[in-house]
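In my numbering, the protein residues as written are 851 to 1245.
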């Protein structure tokens, strides 16, 4: 490998939320916890991105900026090459993050009391965005069948028929369970949405982080009808570990839907990307593919490490390797603790800062989400802490 992902980089004193002592103390009751919660990587981003930012910084003037043609073209080329999806320049709306985008989408397409479907357990800011903007959350829980999660189409269709349901937020790939939705699954859910005039909001921020043997399919790429009735949210942030630069690309093929979204952006004074975000997107999508290949190989090896460790040393815990993302979803329900007890145990006995499963909604109780985008030595330390604490409980 060209890149050394085993290197442990000290992120203290860099204002990193994941490591900020005051944040850890507030959220996890102690600064003395190993943080594997926030979904960013503990790896340096690609050299090409670092060098491009340094070169731009040397200019010394950081006035108002905007994306030029190449800013958009690298994103379009990336999707054409990797996803076989041809995006038109005018479809792309800059937004400083996908969580802000979801909030703006709810503002644009929901009135007070309207409803939005989500598939729990799912990324918790979805529910927050819905509720914070006066809409109601409608859950279509994913079903656990053996080692796999599947969609409940019958329940989804029943709920989509409610005329107050305006949006469906699709998490593709799914966070936290790590599913890559197949073509047939996307088509079936899409047809239900079309039949009931439910706008599909597809969060595809993890779409570049696909494990070997799987293939991401952008929802809007499946048909012109789906494209015209959807909003796709993408970003280089998870892919290249540049979330702090606040860049996302919201793809809206339909002109009327796009105009409604752009009106909300204007109302919220969202206009131009920041200077370094522009440079980062161009260099990452333009020259960062080799780095991505290597980091995916390392992350998949980390998932293999978790899988082997759990099977051989933590039989009380269940783990199914994800098809995508760098997030491991561990079932700890057989430890016999309720969500509050599990959280307290994880913080005070294990001394890990993780995302508790219950925050992802119904179906997440008893689970822990671990960020595996870290050096293997850190992952080993985390798993050994769990092993030690489990053994202590059994004494």
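Ideal Cβ placement from N, Cα and C applies to all residues, glycine included.
Per-residue burial, residue i [other beta carbons within 10 Å of its own, 16 or more giving buried]
{"i": "residue 1190", "result": "exposed"}
{"i": "residue 1086", "result": "buried"}
{"i": "residue 1217", "result": "buried"}
{"i": "residue 1175", "result": "buried"}
{"i": "residue 1013", "result": "exposed"}
{"i": "residue 855", "result": "buried"}
{"i": "residue 900", "result": "exposed"}
{"i": "residue 1068", "result": "buried"}
{"i": "residue 1060", "result": "buried"}
{"i": "residue 911", "result": "exposed"}
{"i": "residue 969", "result": "buried"}
{"i": "residue 1105", "result": "exposed"}
{"i": "residue 1153", "result": "buried"}
{"i": "residue 919", "result": "exposed"}
{"i": "residue 860", "result": "exposed"}
{"i": "residue 1020", "result": "buried"}
{"i": "residue 1000", "result": "exposed"}
{"i": "residue 1029", "result": "buried"}
{"i": "residue 872", "result": "exposed"}
{"i": "residue 1058", "result": "buried"}
{"i": "residue 909", "result": "exposed"}
{"i": "residue 907", "result": "exposed"}
{"i": "residue 1063", "result": "exposed"}
{"i": "residue 851", "result": "exposed"}
{"i": "residue 1140", "result": "exposed"}
{"i": "residue 1234", "result": "exposed"}
{"i": "residue 917", "result": "buried"}
{"i": "residue 1186", "result": "exposed"}
{"i": "residue 870", "result": "buried"}
{"i": "residue 1095", "result": "buried"}
CB contact flag (residue i, residue j, <9 Å)
{"i": "residue 1222", "j": "residue 1156", "result": "yes"}
{"i": "residue 1114", "j": "residue 1108", "result": "no"}
{"i": "residue 1056", "j": "residue 1088", "result": "yes"}
{"i": "residue 1120", "j": "residue 946", "result": "yes"}
{"i": "residue 1164", "j": "residue 1219", "result": "no"}
{"i": "residue 1023", "j": "residue 1173", "result": "yes"}
{"i": "residue 913", "j": "residue 1125", "result": "yes"}
{"i": "residue 1183", "j": "residue 951", "result": "no"}
{"i": "residue 1016", "j": "residue 1044", "result": "no"}
{"i": "residue 1133", "j": "residue 903", "result": "yes"}
{"i": "residue 893", "j": "residue 853", "result": "yes"}
{"i": "residue 1214", "j": "residue 898", "result": "no"}
{"i": "residue 998", "j": "residue 1170", "result": "yes"}
{"i": "residue 921", "j": "residue 1123", "result": "yes"}
{"i": "residue 1241", "j": "residue 1199", "result": "no"}
{"i": "residue 942", "j": "residue 1100", "result": "yes"}
{"i": "residue 1090", "j": "residue 895", "result": "yes"}
{"i": "residue 1018", "j": "residue 1051", "result": "yes"}
Whole-Å CB distance - residue i paired with residue j, under 8 Å assumed
{"i": "residue 1110", "j": "residue 979", "result": "The pair is not a contact, with the Cβ atoms about 17 Å apart (cut-off 8 Å)."}
{"i": "residue 858", "j": "residue 1228", "result": "7 Å"}
{"i": "residue 814", "j": "residue 1131", "result": "This structure leaves residue 814 out entirely; the chain is present only between 851 and 1245."}
{"i": "residue 1212", "j": "residue 989", "result": "6 Å"}
{"i": "residue 971", "j": "residue 1210", "result": "4 Å"}
{"i": "residue 935", "j": "residue 1135", "result": "The pair is not a contact, with the Cβ atoms about 14 Å apart (cut-off 8 Å)."}
{"i": "residue 1054", "j": "residue 1082", "result": "6 Å"}
{"i": "residue 868", "j": "residue 890", "result": "7 Å"}
{"i": "residue 1042", "j": "residue 1007", "result": "5 Å"}
{"i": "residue 993", "j": "residue 1002", "result": "5 Å"}
{"i": "residue 933", "j": "residue 1066", "result": "6 Å"}
For residue i: DSSP bridge partner residues
{"i": "residue 967", "result": "988, 1018"}
{"i": "residue 995", "result": "998"}
{"i": "residue 1205", "result": "1219"}
{"i": "residue 1084", "result": "1099"}
{"i": "residue 1179", "result": "1219"}
{"i": "residue 1169", "result": "1180"}
{"i": "residue 1053", "result": "1021, 1083"}
{"i": "residue 884", "result": "1202"}
{"i": "residue 945", "result": "1098"}
{"i": "residue 1174", "result": "1060"}
Residue i beta carbon near the ligand FAD (any heavy atom closer than 8 Å)
{"i": "residue 1102", "result": "With respect to the ligand FAD, the structure offers nothing, as it holds no ligand at all."}
Report yes or no: do the segment 955 to 968 and the segment 977 to 987 share at least 3 C-beta pairs separated by less than 8 Å? yes
Hey, is the segment 1145 to 1154 in contact with the segment 1183 to 1198, meaning 3+ C-beta pairs nearer than 8 Å? no
Determine, using beta-carbon pairs with one atom in the segment 1202 to 1211 and one in the segment 884 to 892, whether at least three such pairs fall under 8 Å. yes
Within the chosen definition, does the segment 1069 to 1078 reach the segment 1036 to 1043 through at least 3 CB pairs nearer than 8 Å? yes
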